[in-house]
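One line per chain: the protein sequences are D and Z, in this order.
Number 75 in numbering that gives the first Met the number 0 belongs to position 76 of the first sequence; there are no gaps in the numbering.
Number 51 in numbering that gives the first Met the number 0 belongs to position 52 of the second sequence; there are no gaps in the numbering.
Number of protein chains: 2
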Amino acid sequence: MVIENTFTGEYLYSIDAKDRVNIPSKFRNALTPKNKNIFYITRGMDQCIVAYPLEEWKKVQDGLRNLSSASKVYRSFIRSITRYAAQVKFDKQGRIQLTQVLKNYAQLEKEVTIIGMVNKIELWNPDILNELEKTSLRIDPEEYKDLADKIIL
Amino acid sequence: MVIENTFTGEYLYSIDAKDRVNIPSKFRNALTPKNKNIFYITRGMDQCIVAYPLEEWKKVQDGLRNLSSASKVYRSFIRSITRYAAQVKFDKQGRIQLTQVLKNYAQLEKEVTIIGMVNKIELWNPDILNELEKTSLRIDPEEYKDLADKIIL
DNA sequence: GATAATTACCCACCGCTACCCACAATGTTA
DNA sequence: TAACATTGTGGGTAGCGGTGGGTAATTATC
């Protein structure tokens, strides 16, 4: 636990009968007390569940709050995010409970691959993730280069 | 709760024979005492009912007050909102009572999907909502991406 | 003013979830 | 190597939350 509120690495965990998933201890240990053991989970842009620590989620919400409700697109956008957003607090064992909707959306069953994405966490169906890696990621190494330039890797 | 007066998540609830709808406990718990268990319900921009907590409703009204009444469009706009607005207080079980007009407008029957929209709440006929999402989501994935970039999802 | 109807308040059931305890597997330290 | 700590996983249970329904109070109608 070196850098606060920062998540890296990949883990293969299991979902139990009560739809509970363990948050890797390395991730939990990286959380500052301000997050109060709370995550917000919602739909990702890809077919996965995204989990934000409380402090990160607040930033997202502030962004949403400032979008005017006058625009139809904005309304629809806000809805598509918050609709699936749920606040979850992990128990003494460090597990969070998934909602049925999100579990369906990401097509999760017995196993989950949990990926650290710097300021957020992604939960994937292992098969879907592997399939995606095989196809879409291999396609455009050019885009990777562009990104690498931007971030000064 | 953690983030005050802020609502997220989706819930499928039922309307009983007396036209009562339960407000999800997570929403009620997010309310500050200043709201005095009071909501204002009115017509949404879409075909749904919108519920504002008292404190949020005050802001809406201030906004309306500042719209000049000189313009015909403005007057009509204000009328369309305030006309259907009703103050409702939830009972000890946390239920509010819907007005007949609003129930008709949103075409609610037995079931309601309740969506947290950050600072307000929407009540939808489940079928209508799903149909709408199916269409509007398909229309502009590009605009969605732009928005996602803005908010740094 | 009597009766009917609608609303407000209260009580009761029941399923789910939040919380707790237990245990196995792995890693760590003396 | 043994003792201990940490971490992932399974399961039991009490309390809360959603739902239905009953009764008193208030309003409406004639």
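Where a beta carbon is used, it is the ideal one built from N, C-alpha and C, also for glycine.
Item                                                                                                                                                                        : Value
Taking the alpha carbon of Glu-55/D as the reference point, which residue from Ile-40/D, Asp-126/D and Cys-47/D has its own alpha carbon closest?                           : Ile-40/D
Is the Cβ-Cβ distance between Ile-14/D and Leu-128/D less than 8 Å?                                                                                                         : no
Contact criterion: CB-CB distance below 8 Å. Does Leu-97/D meet it with respect to chain Z?                                                                                 : no
Let me see if you follow: with CB-CB separation under 8 Å, is Tyr-104/D close to chain Z or not?                                                                            : no
Show which residues of chain D have a CB atom less than 7 Å away from the CB atom of Thr-177/Z.                                                                             : The structure shown has nothing for residue 177/Z, since chain Z only spans 0 to 152.
Along chain D, in chain order, which residues have C-beta atoms closer than 8 Å to that of Gln-118/Z?                                                                       : According to the sequence as given, residue 118/Z is Asn; it is not Gln. Those are Arg-64, listed as they occur along chain D.
When burial is assigned at 16 or more other CB atoms within 10 Å of the CB, is Phe-76/Z buried or exposed?                                                                  : exposed
Taking DSSP's pairing of strands, which residues face Gly-115/D in a bridge?                                                                                                : Ile-120/D
Would you kindly check if the distance between the Cβ of Val-100/D and the Cβ of Glu-9/Z is under 8 Å?                                                                      : yes
Thinking Ile-95/D and Arg-19/D are a contact (beta carbons under 8 Å), I'd like their distance in whole angstroms, please.                                                  : 7 Å
From Ala-147/Z to Arg-64/Z, what does the alpha carbon distance come to, in whole angstroms?                                                                                : 33 Å
Return the first residue and the last residue of the alpha helix (DSSP H) that Thr-81/D is part of.                                                                         : 71–81
Could you round the C-beta distance between Gly-176/Z and Thr-81/D to whole angstroms and report it? I think they count as a contact, below 8 Å.                            : This structure cannot settle anything about residue 176/Z, because the visible part of chain Z is limited to 0 through 152.
Could you tell me which residues DSSP pairs with Ser-13/Z in its beta bridges?                                                                                              : Glu-110/Z
Short of 7 Å in beta carbon distance, which residues of its chain neighbour Lys-33/D, apart from the five on each side in sequence? Order them along the chain.             : Glu-54
For Glu-121/D, count neighbouring C-beta atoms within 10 Å of its own C-beta (all shown protein chains included) and say buried if the count is 16 or more, exposed if not. : buried
Just how far apart, CA to CA, sit Cys-47/Z and Thr-112/Z?                                                                                                                   : 10 Å
Let me know the alpha helix (DSSP H) ranges lying completely inside the stretch 27–71 of chain Z, each 4 residues or longer, listed in chain order.                         : 53–65
Are the beta-carbon atoms of Lys-102/Z and Val-49/Z separated by less than 8 Å?                                                                                             : no
With DSSP as the reference, identify every bridge partner of Asn-21/Z, one or two as the case may be.                                                                       : Arg-94/Z
Can you list, in chain order, the residues of its chain with a C-beta nearer than 7 Å to that of Pro-52/D? Leave out the 5 residues immediately preceding and following it. : Asn-4, Leu-30, Asn-34 and Phe-38
Please classify Ala-69/D: is it buried, with 16 or more other beta-carbons within 10 angstroms of its beta-carbon, or exposed?                                              : exposed
Which first and last residues belong to the alpha helix (DSSP H) in which Lys-102/D is found?                                                                               : 99–104
Give the residues of chain Z in contact with Asp-81/D, contact being defined as C-beta atoms less than 8 Å apart.                                                           : The sequence shown places Thr at residue 81/D, not Asp. Within 8 Å Cβ-Cβ: Phe-6, Thr-7, Gly-8, Ile-114, Gly-115, Met-116 and Val-117.
Which residues mark the beginning and the end of the alpha helix (DSSP H) in which Glu-130/D is found?                                                                      : 125–131
Could one say the Cβ of Gln-86/D lies closer than 8 Å to chain Z's Cβ atoms, at least one of them?                                                                          : yes
Asn-124/D and Phe-89/D - do their beta-carbons sit closer together than 8 Å?                                                                                                : no
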